[in-house]
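S.K.: Line by line, the protein sequences are chains A and B. Just so it is clear: in the first sequence, position 46 is 46 by my numbering, and no numbers are missing. Counting from 1 along the second sequence, just add 1000 to a position and that's the residue number in my numbering.
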Amino acid sequence: MLPTLNGRIQSRIVITLIIGGLWSLLIALFLPGVSGASYSDKLRALLGLLIVLTVLGIGWELVYHGLMQLRWEKDWPTLFGLVTIVNEGTLAYVLVVHRRFDHWWFHDDYRLPRSTFLFALITTWLVVWLWANGPMRVFTVHWRFRGGRFV
Amino acid sequence: MSGRETIRLPGAVPDAADEAMGGGTGDLTEALLSTSVWTDQLLAAAGIPVVEVPFVTVGSGIGSFVTTDYLRIMGVPKEQIKVLGNNPVPWSTYEYLTRNSQIPRGERLRSDSASTPDNIWGFPSYAVREAFAAKGLKNKLFPLWNVATEPIFSNYYTPKAGQAFESMEAETKRIDYFDCLDKGLVRMVRKRSGGGYFTILTPPAGTTPTKRVAYKSRWVHLAVGYPGLKFLDDLQTYRTTYNDYSTVVNAYEPHEGIYEDLKKRPGTVVIRGGGIVASRILQRLIDDRDRESTQVQIVHVFRTYITGAHGPSIFMRRRGGDGWAYQGFNYPKSVWGGQLKARMRKLEGKDRADLYKTIGGTNTPVRWSWQEQLKRGRKEGWYRTVTGSVESVVPAPQGNGTTTRLKTKDGIVEIPASYIIDCTGLEADIAEHRIFADLLTHSGAGRNPVGRLDVERTFEVKGTANGDGKLYASGTATLGGYFPGVDTFLGLQIAAQEIGDDLAKQGFGSYMGPLRSVSQWLKWARGKAI
């Protein structure tokens, strides 16, 4: 993907929320490590994670955009889109699993155990990354030439 | 030979030969030649038959093909498109040039995985398709690993030439491309009184009752490729002065004889140029050295020797070394959709020319196999570089090969060589092409800040609109416009999309929204004819 800043932010919001959302609907059915929770509780937790990733992601995009300026090609290699799970995931982990940020979202004392968080994070990240680097292009022939912008 | 000698391409017909072609009635008259805007009566008086069709694309190369492909996918019926030109298949000229410059079908191009002229979506990409088609787990994983880790842990993935040609062939059949093709040489495009254009075609002799046929259309698209590929001045002087066309060659000409000769006896080859073509030719020479035990010595002449990263600031610095400037593709990658595309789109005049200058310049990709070969050559002494400007090239005193006189910082250096291969790929001025020369003279077309054909962001040629008609151009002739990567697979598709969107606004074809995009992709994926 050859994004502009505006395009990266738009793409991140749309793809994370739609594709990540669909993925959450699916994995909430068999989410490991939370056997006591209801489907809606699990889904709520997963969607909370998506929102955290998206909101923080907009900030991360500003950082990446700055780094890109140091690259001659002004691009962001496919691999970078994958490995940024490390920094983004760590921050999200601190905020979500340690519940310093998202208590407004969750019921009572329900929280994602660490293994469940990692499962949800890694699989969602992979699905979103694969989608953005391939099938997304089927839905719009303009998106990739407009730096990832939808509007 | 004239001073305008260029590489002869297959399908190209010299101007004089075109004038002598065909015969009989229906030829251009003085009145037509001297009138910029033609009336229907003027053509009728000359006896030139007229074919009416809404859209004409001139060139019949990959530019015409991807534009036709886009329009067909937009729902334009094949009867409403005419492709005019001499290429029997869209990739003929391209394959001729790549084959001569040592990229046969089994070798890899310099093109991104998602730059797929047979598929407007770029999905599935060449790498994914290569993986699916490969036999064995390792061969399946290799292209996927490559494309996922480029350019960090691997060199950029690039498709094999054969894969590009074969997939284009399948798409030509799917969209009935050949039903749109009328073969012949396009002589000129002129405005028509009342709107639209006339495109004059000279069909192959004997195929039509008249010498010329006119195509009357509301829209014309020009994608005629290189106006011409030139030799370096000093090499051209040598060739014409000494009438020697086999010792000094251009990499884009057939020159297999050189490699064959080097297998028979030791020799020295001078390479001129620091781009991908030079890399390719070096690879062939060194492969032959390794496999066929040739004793070839290589002297590589750089005009500018690049020692490391270079550029105006830390924000615009390109990698380089050992003489070369390194870059994955022929422009920084973000010109095809990212930041540089967005930036160039807003620039005018000198600002645009300046950015072109910053991101331009000869360069080649880093490929580890090439790096290894040249490193070995430097170590063993059979690959040497010299930096300077060539003063002259003359026959060697013993009548065996050539002597290149080079002005270096240490004074004049003489390099004896059996052969000189020009890998610079200089492009001729657009006015060297008859269609553009005519357009500049008669139809209001002008030049952009870098001297080529001036086009809008929609690829409409500025100044040539006529009534409800528009004239578009894409490809290398439009370099210097709001979009830089024009002379590439993806660039031609980006141009096709801009043109398609503009045509849809005028009611020709349907805009490619998500629904059409998905439904048409499903057709493509099933190989279903449009």
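Even for Gly, the Cβ is constructed at its ideal location relative to N, Cα and C. Note that this is a predicted model, so its numbers are computed, not measured.
1. Please list, in chain order, the chain A residues whose beta carbon lies closer than 8 Å to that of residue 1562 of chain B.
2. For a quick check, are the C-beta atoms of residue 15 of chain A and residue 132 of chain A less than 8 Å apart?
3. May I ask you to report which of helix, strand or coil DSSP gives residue 1316 of chain B?
4. Below 8 Å on the Cβ atoms is my contact criterion, and I expect residue 54 of chain A with residue 13 of chain A to pass it. Report the Cβ-Cβ distance as a whole number of Å.
5. Closest Cβ-Cβ distance between residue 1140 of chain B and chain D: below 8 Å?
6. Who are the neighbours of residue 79 of chain A on chain B, taking C-beta pairs under 8 Å?
7. Would you decide whether residue 1146 of chain B is buried or exposed? Buried here means 16 or more other CB atoms lie within 10 Å of its CB.
8. Skipping 5 residues on each side, what residues in its chain have a beta carbon closer than 7 Å to that of residue 1080 of chain B?
9. Give me the Cα-Cα distance between residue 1038 of chain B and residue 1514 of chain B, rounded to the nearest whole angstrom.
10. What are the uninterrupted segments assigned as beta strand (DSSP E) that are 3 or more residues long and contained completely in the stretch 1273-1305 of chain B, given in chain order?
11. Give me, in chain order, the residues of the same chain whose beta-carbon lies closer than 7 Å to that of residue 1524 of chain B; leave out the 5 immediate sequence neighbours on both sides.
12. Excluding the 5 residues preceding and the 5 following residue 108 of chain A in the sequence, name in chain order all residues of the same chain whose CB lies nearer than 7 Å to its CB.
13. Would you call the stretch 1222-1237 of chain B in contact with the stretch 1246-1266 of chain B, where contact means no fewer than 3 C-beta pairs closer than 8 Å?
14. If I measure Cβ to Cβ from residue 1151 of chain B and keep anything under 7 Å in the same chain, skipping five residues before and after, which residues do I get?
15. Let me check you understand the geometry: is the CB of residue 1422 of chain B closer than 7 Å to at least one non-hydrogen atom of the ligand COA?
16. Buried or exposed: residue 1165 of chain B, going by 16 or more other Cβ atoms within 10 Å of its Cβ?
17. Any C-beta of chain B sitting closer than 8 Å to the C-beta of residue 84 of chain A?
18. Rounding to the nearest angstrom, what Cα-Cα distance links residue 1266 of chain B and residue 1374 of chain B in this structure?
19. Return the chain-ordered ranges of every beta strand (DSSP E) run that is complete within the stretch 1070-1158 of chain B and spans a minimum of 3 residues.
20. Nearest to residue 1263 of chain B by CA position, among B:1510, B:1286, B:1274 and B:1422, is which residue?
21. Report the partner residues of residue 1395 of chain B according to the DSSP bridge assignment.
22. Let's see if you can read the secondary structure: which residues bound the alpha helix (DSSP H) around residue 1165 of chain B?
23. How many Å lie between residue 1272 of chain B and residue 1492 of chain B at the Cα?
24. By DSSP, does residue 35 of chain A sit in helix, in strand, or in coil?
25. Below 8 Å between beta carbons: does that hold for residue 1082 of chain B and residue 1182 of chain B?
26. When DSSP labels each residue in this structure, what does residue 1466 of chain B get in the three-state scheme?
27. Using the three-state DSSP reduction, which class does residue 1416 of chain B fall into: helix, strand or coil?
28. Counting only C-beta atoms, is residue 141 of chain A closer than 8 Å to chain B at any point?
29. What is the rounded straight-line gap between the Cα of residue 31 of chain A and the Cα of residue 82 of chain A?
30. For chain B, is any of its Cβ atoms less than 8 Å away from the one on residue 109 of chain A?
31. Where does residue 1252 of chain B sit, in a helix, a strand or coil, going by DSSP?
32. Shorter than 8 Å from the beta carbon of residue 1495 of chain B to some beta carbon of chain A?
33. Anyone know if the C-beta pair for residue 1270 of chain B and residue 1073 of chain B falls short of 8 Å?
34. How many angstroms separate the CA atom of residue 1157 of chain B from the CA atom of residue 1509 of chain B?
35. Rounded to a whole number of angstroms, what is the C-alpha to C-alpha distance between residue 1343 of chain B and residue 1335 of chain B?
36. Count the CB pairs spanning the stretch 1082-1095 of chain B and the stretch 1056-1063 of chain B that are closer than 8 Å, and state whether there are at least three.
M.R.: Taking the structure as given:
1. There is simply no residue 1562 of chain B to check, as chain B begins at 1001 and stops at 1530 in what is shown.
2. Indexing the first sequence from 1 puts residue 15 of chain A at position 15. Indexing the first sequence from 1 puts residue 132 of chain A at position 132. Going by C-beta atoms, residue 15 of chain A is nearer than 8 Å to residue 132 of chain A.
3. For the purposes of this step, residue 1316 of chain B is identified with residue 316 of the second sequence, where counting begins at 1. Correct three-state label for residue 1316 of chain B: strand.
4. Mapped onto the first sequence, residue 54 of chain A falls at position 54. Mapped onto the first sequence, residue 13 of chain A falls at position 13. That belief holds up - the Cβ atoms of residue 54 of chain A and residue 13 of chain A are roughly 6 Å apart, short of 8 Å.
5. Absent from the structure is chain D; the protein chains it does hold are A and B.
6. The residue given as residue 79 of chain A occupies position 79 in the first sequence. In chain order: 1148, 1149, 1150, 1152 and 1153.
7. By one-based count along the second sequence, residue 1146 of chain B stands at place 146. That one is buried.
8. As a first step, residue 1080 of chain B must be located in the second sequence, where it is residue number 80. These residues qualify, in order along the chain: 1053, 1054 and 1055.
9. Translated into the one-based positions of the second sequence, residue 1038 of chain B becomes position 38. Translated into the one-based positions of the second sequence, residue 1514 of chain B becomes position 514. Using only the alpha carbons, I get a separation of about 41 Å.
10. 1297-1302
11. Translated into the one-based positions of the second sequence, residue 1524 of chain B becomes position 524. 1119.
12. Working through the first sequence from its first residue, we reach residue 108 of chain A at position 108. Low confidence applies to residue 108 of chain A: its pLDDT is 49, below 50, so where it sits in the model is not reliable, and the reading given next is rough at best. So the list is empty, once near-sequence residues are dropped.
13. yes
14. Taking the first residue of the second sequence as 1, we reach residue 1151 of chain B at position 151. Once the five neighbours on either side are set aside, the close Cβ partners of residue 1151 of chain B are 1328.
15. Of the ligands one can find in the structure shown there are none, so the ligand COA has no counterpart to examine.
16. As a position in the second sequence, residue 1165 of chain B is number 165, starting the count at 1. In summary, residue 1165 of chain B is buried, with 16 or more beta-carbon neighbours lying within 10 Å of its beta-carbon over all protein chains present.
17. Locating residue 84 of chain A in the first sequence gives position 84, where the first residue counts as 1. With 8 Å as the cut-off, residue 84 of chain A does not count as an interface residue toward chain B.
18. Translated into positions along the second sequence, residue 1266 of chain B becomes position 266. Translated into positions along the second sequence, residue 1374 of chain B becomes position 374. Their Cα atoms are separated by approximately 19 Å.
19. 1081-1085
20. Sequence index remark: in the second sequence, residue 1263 of chain B carries index 263 (1-based). Among B:1510, B:1286, B:1274 and B:1422, the Cα nearest to that of residue 1263 of chain B belongs to B:1286.
21. Counting from one through the second sequence, the residue named residue 1395 of chain B turns up at place 395. The partner list for residue 1395 of chain B (beta bridge, DSSP) reads B:1402.
22. By 1-based counting over the second sequence, the position of residue 1165 of chain B is 165. It spans 1161-1174 - the alpha helix (DSSP H) in which residue 1165 of chain B sits, taken as one unbroken run.
23. Position 272 of the second sequence, counted from the start, is the residue given in the question as residue 1272 of chain B. Position 492 of the second sequence, counted from the start, is the residue given in the question as residue 1492 of chain B. The straight-line gap from Cα to Cα measures roughly 29 Å.
24. Within the first sequence, residue 35 of chain A is the residue found at index 35, counting from 1. Residue 35 of chain A: coil per DSSP, three-state reduction.
25. Start at 1 with the first residue of the second sequence, and residue 1082 of chain B comes out as number 82. Start at 1 with the first residue of the second sequence, and residue 1182 of chain B comes out as number 182. Cβ distance < 8 Å, so residue 1082 of chain B and residue 1182 of chain B count as in contact.
26. In the second sequence, residue 1466 of chain B corresponds to position 466, counting from 1. Residue state, collapsed to three classes: strand.
27. For the purposes of this step, residue 1416 of chain B is identified with residue 416 of the second sequence, where counting begins at 1. Of the three classes helix, strand and coil, the one that applies to residue 1416 of chain B here is strand, per DSSP.
28. Counting from one through the first sequence, the residue named residue 141 of chain A turns up at place 141. For residue 141 of chain A, the answer is yes, since a Cβ of chain B falls inside 8 Å of its Cβ.
29. Translated into positions along the first sequence, residue 31 of chain A becomes position 31. Translated into positions along the first sequence, residue 82 of chain A becomes position 82. Cα-Cα distance, rounded: 23 Å.
30. Taking the first sequence and counting its residues from 1, the one referred to as residue 109 of chain A is at position 109. Note that residue 109 of chain A has pLDDT 49, beneath the 50 cutoff, so the model's placement of it is unreliable and no number is given.
31. Within the second sequence, numbered from 1, the residue matching residue 1252 of chain B stands at position 252. DSSP places residue 1252 of chain B in coil when its eight states are reduced to three.
32. Stepping through the second sequence from its first residue, residue 1495 of chain B is reached at position 495. By this cut-off, residue 1495 of chain B is not an interface position.
33. One-based indexing of the second sequence puts residue 1270 of chain B at position 270. One-based indexing of the second sequence puts residue 1073 of chain B at position 73. It is not a contact, given that the beta carbons lie outside the stated cut-off.
34. As a working mapping, residue 1157 of chain B is identified with position 157 in the second sequence. As a working mapping, residue 1509 of chain B is identified with position 509 in the second sequence. Using only the alpha carbons, I get a separation of about 35 Å.
35. By one-based count along the second sequence, residue 1343 of chain B stands at place 343. By one-based count along the second sequence, residue 1335 of chain B stands at place 335. Roughly 9 Å between the two C-alpha positions.
36. yes
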